[in-house]
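Asker: Letter 38 of the sequence shown, counting from 1, is numbered 34 in the numbering used here, and no numbers are missing.
The C-beta atom is built at its ideal place from N, Cα and C for all residues, glycine as well.
These numbers come from a predicted model, not from an experiment.
Structure provided below as structure tokens; questions to follow.
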Amino acid sequence: MRVFLDRLRNRYVDWRYGRIDMSAAVGKRGEQAAARLLRQKRLVVVAESESDRAGEIDLIAVDPRSRVIIFVEVKTHSTTKPGHPADRVDLVKQGRITRAALRYLKRQHLLESRCRFDVIAVWWPVGFAAPERIEHYEAAFEAVGDFQLF
-3 MRVFLDRLRN RYVDWRYGRI DMSAAVGKRG EQAAARLLRQ KRLVVVAESE SDRAGEIDLI
57 AVDPRSRVII FVEVKTHSTT KPGHPADRVD LVKQGRITRA ALRYLKRQHL LESRCRFDVI
117 AVWWPVGFAA PERIEHYEAA FEAVGDFQLF
């Protein structure tokens, strides 16, 4: 009976919050797990892997309560090396994300909208069926670069 209930719960979670493709690369699986986490927090994921010539944004979500646009950088750590995945979001990477976010806001005519930049760190060791740990850092950094958002 317990196995049946676990299977039923897993099917519901996959249907409700999104399925994780276990055959995908570890980085893509980390993004899928991060999107699932955002949906569980009642955020609406509007775009995944949004890219243009300015750069790529892993996830774009909207908080329907506060109407804030959230640009999310996902970093997945799959090795046993020491270090935090979020440490890999340095100033150069923040600048690329800021430029890509600005271009996205311009394309969608949303320049007057409030936004923030989040980082989600995922620890997914090789051979594991699910992430070992996921941490969501809200407002992890502010806009960086010459053409900062205001």
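Which value, in whole angstroms, describes the spacing of the CA atoms of R112 and R12?
Answerer: Taking the first residue of the sequence shown as 1, we reach residue 112 at position 116. Taking the first residue of the sequence shown as 1, we reach residue 12 at position 16. Spanning the two alpha carbons is a distance of roughly 25 angstroms.
Asker: Measure from the alpha carbon of I53 to the alpha carbon of each residue in A135, M18, L34, V115, then state which is nearest.
Answerer: Along the sequence shown, read from residue 1 onward, the residue named residue 53 stands at position 57. Ranking the options by Cα distance to I53, first place goes to V115.
Asker: Locate the beta strand (DSSP E) running through E131, then write down its first and last residues.
Answerer: Sequence index remark: in the sequence shown, residue 131 carries index 135 (1-based). 129 to 137 is the extent of the beta strand (DSSP E) around E131.
Asker: Quick one: Cα of R5 to Cα of V70, how far?
Answerer: Along the sequence shown, read from residue 1 onward, the residue named residue 5 stands at position 9. Along the sequence shown, read from residue 1 onward, the residue named residue 70 stands at position 74. Distance between the alpha carbons of R5 and V70 is about 26 angstroms.
Asker: Mind checking whether P78 and T72 have CB atoms under 8 angstroms apart?
Answerer: Position 82 of the sequence shown, counting from 1, holds the residue named residue 78. Position 76 of the sequence shown, counting from 1, holds the residue named residue 72. For P78 and T72, no; Cβs fall outside 8 angstroms.
Asker: Under the rule that 16 or more other beta-carbon atoms within 10 Å means buried, what is V88, buried or exposed?
Answerer: Taking the first residue of the sequence shown as position 1, residue 88 is located at position 92. Label assigned to V88: exposed.
Asker: Along the chain, where does the beta strand (DSSP E) containing W119 start, and where does it finish?
Answerer: Residue 119 sits at position 123 when you count from the first residue of the sequence shown. Start and end: 111 to 119.
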